[in-house]
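Residue numbers (full-length UniProt numbering): 1 to 233.
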């Protein structure tokens, strides 16, 4: 079947207007449009300028290199930025917390030091009171002993001569007591020396007796060994 030859003028092809008018990718403001034309084409321009969500997303991908961006692999920086970042605490807050903790520690140490000092003060006060009570007790004991040894006397009714005679008698008695004290100390020293000598003598005697017994045992063992050797021969 023969194909019909249809010829179209090039001028008609060039001058042919497209049936579908392309929509702009980005909303651009109208420049140099008069008020009359804008009023007439207001409804048409509103309908044409409104972009759907898909068209707007496509336009954004196109402007930012959409196809390449979608197909490109995520770099380590993108992965790091996509992760939730931990919010760093302020150094001022940390410093305030550390200063507060240091102050609390210092306050605790100061309180413990005051408690130790208070306890030491109480212990020292008790020790002083006990020492004072012990001293008073010893003094009272000594006074009681002196009162029991010395007879009571009244010097108000004595004249000067009687007082001198009383003092002389006391001095003589003190000398006699001092001589007795020296004599008793000498006796005690001699007894200590005798005890030391007796102890040394007993120790030497025991050691000699032990050595004699040890020597006797050795001699008996030697004789026994000799007898065994003789019988063996």
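Even glycine gets a Cβ: it sits at the ideal position worked out from N, Cα and C.
DSSP state of residue i mapped onto helix, strand, coil
i: residue 194; result: helix
i: residue 70; result: Per-residue confidence for residue 70 stands at a pLDDT of 48, beneath the threshold of 50, marking its modelled position as unreliable; the derived number appears in the next sentence. Reduced to three states, the DSSP call for residue 70 is helix.
i: residue 78; result: helix
i: residue 38; result: Annotation note: pLDDT 49 at residue 38 (below 50); position unreliable, no value reported.
i: residue 83; result: coil
i: residue 221; result: helix
i: residue 144; result: helix
i: residue 155; result: coil
i: residue 112; result: helix
i: residue 201; result: helix
i: residue 150; result: coil
i: residue 52; result: coil
Sequence-distant residues of its chain with Cβ nearer than 8 Å to residue i (five each side left out)
i: residue 111; result: none
i: residue 223; result: none
Other residues of its chain near residue i: CB distance less than 7 Å, five sequence neighbours each side excluded
i: residue 163; result: 155
i: residue 218; result: none
i: residue 37; result: For residue 37, the pLDDT reaches just 47, beneath the cut-off of 50, and the residue's location in the model is therefore unreliable, leaving the point undetermined.
Close Cβ partners of residue i (< 6 Å) along its chain, the five nearest in sequence each way excluded
i: residue 40; result: With a pLDDT of 49 at residue 40, under the threshold of 50, the modelled position of that residue is not reliable, and no figure is offered here.
i: residue 67; result: Note that residue 67 scores a pLDDT of 45, beneath 50, so its modelled location is shaky; the value from the coordinates is reported in the next line. Answer for residue 67: no residue qualifies.
Option nearest residue i by Cα separation, candidates the options
i: residue 150; options: 161, 173, 138 and 134; result: 173
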